[in-house]
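Just below is one structure, and these are the notes that go with it.
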Amino acid sequence: MPANKWGTRPARIPRGKAVALDAFVRDSNKGKTKRLNAEIPAALHARVKSGCALEERDITQVVIELLEKRFPADGG
């Protein structure tokens with residue numbers, strides 16, 4: 000019979016991922032979401048993907064930030 004693993008401490012989440020998870024939880028309460036699909040050049044996708052990986056950030060959050068700057072809620 001396998002040993003009971005209850006009470007063992009979960010693995011520690013790296014700082015960057017913990018911050019991203021905190022942001023996800025905080026920002027996920029902003030309402031319903033819609034899926035956005037876009038065809039972009041493969042070279043650009045590679046740069047975005049590798050840049051986000053190096054920053055330990057989610058591509059979705061980066062795209063949302065860029066869209067929020069370009070299309071602010073106040074219409075400015």
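Numbering (numbering that gives the first Met the number 0), first residue to last: 0 to 75. For every residue, glycine included, the Cβ atom is placed at its ideal position computed from N, Cα and C.
Going by C-alpha distance, which of the options is nearest residue i?
{"i": "R46", "options": "L66, V61, F70, R14", "result": "V61"}
Starting from the C-beta of residue i, find all residues in its chain whose C-beta is less than 8 Å away, skip the five residues before and the five after it, and write them out in chain order.
{"i": "D57", "result": "A19, F23, C51"}
Beta carbon of residue i, beta carbon of residue j: below 8 Å?
{"i": "G15", "j": "E64", "result": "no"}
Out of curiosity, what's the CA-to-CA distance linking residue i and residue j?
{"i": "I39", "j": "T7", "result": "45 Å"}
{"i": "L35", "j": "R69", "result": "16 Å"}
{"i": "G30", "j": "A72", "result": "14 Å"}
{"i": "D21", "j": "T59", "result": "15 Å"}
{"i": "E67", "j": "W5", "result": "43 Å"}
{"i": "H44", "j": "A37", "result": "11 Å"}
{"i": "A42", "j": "P9", "result": "38 Å"}
{"i": "G74", "j": "P13", "result": "37 Å"}
Looking only at its own chain, which residues have a Cβ that is under 7 Å from the Cβ of residue i, when we skip the five neighbours before and after it?
{"i": "K33", "result": "none"}
{"i": "K48", "result": "I58"}
message: Report the start-end ranges of each alpha helix (DSSP H) in the segment 23 to 66 that is 4 residues or longer and not cut off at the edges.
response: 41 to 54
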